[in-house]
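Read the structure below first, then the notes.
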Amino acid sequence: MDTSTILVTGGTGYIGSHTCILLLEAGHDVIVVDNLRNSDVAVIDRIETICGRRPLFIEGDVRDTPLLEDILSNHPVTAVIHFAGLKAVGESVSIPLDYYSTNVGGSISLLTAMQNSGVHTLVFSSSCTVYGDPASVPIREDFPRSATNPYGASKLMIEDILSGLHTSEPGWQIARLRYFNPVGAHESGLIGEDPIGTPNNLMPYLTQATAGLRGELNVFGSDYETPDGTGVRDYIHVADLANGHVAALDYLEKQPGMVTVNLGTGNGVSVLEVIRTFEAVNQCKVPYRIVDRRPGDIARCWADTRLANDLLGWKALHSLEDMCRDSWRWQQSQQG
Ligand code: NAD
Ligand code: WQD
């Protein structure tokens, strides 16, 4: 891909920061807009430490359309990767307006600014959550979509807004990327996921519990129709996910249009398998106990990755062992 200037919303966040590194390493200039609601500006220094180049950081809210127009008119931005948003399913039930405002309102604001500035290339962070409880696995992109909480509903709405925009203005180049379960951290141990408060997701809770910072890991349910009874997911290393964005930008440069692509490994892994692998790779003991199912959880979820392979020429390269090793290294580096 030719080098250019990429605007990354939410670029100090977990997935955004890993993507910024790959973009900078590929020679692109990167502008990050983030309001730091769920991240720390120190990430920008760490990105520079890792790759020797620094993104331009602008603290701001994606709902601020004039700010985005200002950025797009003052810099030669050719494409936008839109990570900014709120992502906690449980929290979205408690503060739905915040979720719709940030995720849906923020996306409309960004699209308006892009339209007004003549920038028509967008990579959007969607989620496997749009598949709801799938009738079968692996999940293909043409499976039915549904949502049972405001977070999922916001992703469905944004997907629909993007498809409506593309129908009315076919000149737009849009990739809707549906991530499965991102885990892991940069191999340097300098950046990773840093959830505020008690983590809801498996890997950050597991690492914090193993480090003695939390009580035992609750394994939610052992009576699912899965090989060992625990929930099965498609965990994907964040570095592979980041790479998928570079592949999507590359693809859009050659093939105008709108694509919707799963980013997963295609492998289903149970909670107990994650625990066993984590213990083996890191030579440690994960404190856990089996408890009741978590309301709203599904039994099985993993991706059909053929479209990502065929269209984007992309596939995940990191193993579950890599994910466990890098997650633990990141946890330990945070404790100094
Ligand atoms: P994250 O919270 O680490 O990153 C999101 C970033 O957006 C944060 O830095 C936050 O400060 C910023 N932000 C929030 N509201 C903003 C606003 N109004 N204006 C500007 N910046 C704002 O989350 P992440 O895991 O990196 O997720 C990135 C995207 O990927 C999100 O859209 C999320 O819904 C999606 N996604 C995440 C997962 C996952 O499990 N991590 C899975 C599927 C999809
Ligand atoms: C994984 C597995 C749990 C925590 C969420 C969002 C989804 C997407 C990815 C954003 C399940 C089990 C978990 C714990 C456990 N995010 N678990 N003990 O629920 O698959 O997906 O993140 O788009 O929208 O819903 O991820 O990491 O919470 O759970 O046993 O303390 O681990 O039951 O089987 P989930 P998760």
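The sequence shown begins at 171 in the numbering used here and counts up by one. From the three backbone atoms N, C-alpha and C, an ideal C-beta is built for every residue, glycine too.
Can you say whether residue i is buried or exposed, counting buried as having 16 or more other CB atoms within 10 angstroms of its CB?
i	result
Asn244	exposed
Gly374	A small fix is needed here, since residue 374 is Pro in this sequence, not Gly. Result: buried.
Glu363	buried
Gly334	exposed
Val300	buried
Glu329	buried
Lys424	exposed
Ala323	buried
Pro308	buried
Thr508	Absent from the model: residue 508. The displayed extent of the chain is 171 to 506, so no value can be given.
Gln505	exposed
Ser306	exposed
Ala249	buried
Gly466	exposed
Would you check if the distance between the CB atom of residue i and the CB atom of residue j is smaller than 9 Å?
i	j	result
Asp240	Asn205	no
Arg224	Gly276	no
Val416	Leu477	no
Asn388	Val461	yes
Ser187	Ser209	yes
Asp404	Thr368	no
Trp292	Asn273	A small fix is needed here, since residue 292 is Leu in this sequence, not Trp. Cβ distance not < 9 Å, so Leu292 and Asn273 don't count as in contact.
Ile406	Met493	yes
Leu226	Ile201	yes
Glu357	Asp480	no
Ala473	Tyr394	no
Val431	Ala418	yes
Ser279	Tyr321	no
Val211	Gly180	no
Gln501	Thr400	no
Gly391	Arg464	yes
So what's residue i in DSSP terms, helix, strand or just coil?
i	result
Tyr405	strand
Thr430	strand
Ala345	strand
Asp393	coil
Arg470	strand
Phe448	helix
Ser440	strand
Asn208	coil
Val213	helix
Val250	strand
Asn319	coil
Ile201	strand
Leu387	strand
Glu357	coil
Gly255	coil
Cys454	coil
Thr475	coil
Glu423	helix
Ala305	coil
Glu363	coil
Val416	helix
Thr400	coil
Glu218	helix
Thr368	coil
Val232	coil
Asp172	coil
Thr337	helix
Starting from residue i, trace the beta strand (DSSP E) in both directions and tell me its first and last residue.
i	result
Thr291	Thr291 to Ser297
Leu177	Thr175 to Thr179
Tyr458	Tyr458 to Val461
Glu311	Glu311 -> no beta strand (DSSP E), and no H or E assigned at all.
Ile129	This structure does not reach residue 129, given that the chain is present from 171 up to 506, and the question cannot be answered.
Asn351	Asn351 to Val353
With respect to the alpha helix (DSSP H) encompassing residue i, which residues constitute its N-terminal and C-terminal limits?
i	result
Ile502	For the record, residue 502 in the displayed sequence is Gln; it is not Ile. Where Gln502 is concerned, the enclosing alpha helix (DSSP H) stretches over Leu490 to Gln504.
His188	Tyr184 to Glu195
Asn244	Thr235 to Asn244
Leu481	Note, Leu481: premise wrong, no alpha helix (DSSP H); not H, not E.
Pro374	Leu372 to Thr380
Pro266	Pro266 to Tyr269
Leu280	Gly276 to Ser287
Near residue i, which residues of its chain fall below 6 Å by C-beta distance, leaving aside the five closest residues on each side in sequence?
i	result
Val289	Leu242 and Val247
Asn452	Trp498
Glu339	none
If I measure Cβ to Cβ from residue i and keep anything under 8 Å in the same chain, skipping five residues before and after, which residues do I get?
i	result
Tyr370	The sequence given here places Asn at residue 370; Tyr does not occur at that position. For Asn370, where only same-chain residues beyond five positions count, the Cβ hits under 8 Å are Ala258, Val259 and Gly260.
Ser271	Arg233
Thr185	In the sequence under discussion, the amino acid at residue 185 is Ile, which differs from the Thr named in the question. Counting only Cβ-Cβ distances below 8 Å, and skipping sequence neighbours, we find Phe253, Ser295, Tyr349, Pro352, Val408, Leu411 and Ala412.
Leu360	Arg216, Thr219, Ile220 and Ser503
Comparing the CB of residue i with every heavy atom of the ligand PLP, is any distance shorter than 8 Å?
i	result
Ile278	Although the ligand PLP was asked about, the structure shown includes only the ligand NAD and the ligand WQD as ligands.
Can you find the residues in the same chain that come closer than 7 Å, C-beta to C-beta, to residue i, ignoring five residues on each side of it along the sequence?
i	result
Thr189	Val178, Ile251, Ala412 and His415
Thr372	This sequence places Leu at residue 372; Thr is not what is there. Answer for Leu372: Val441 and Val444, listed in chain order.
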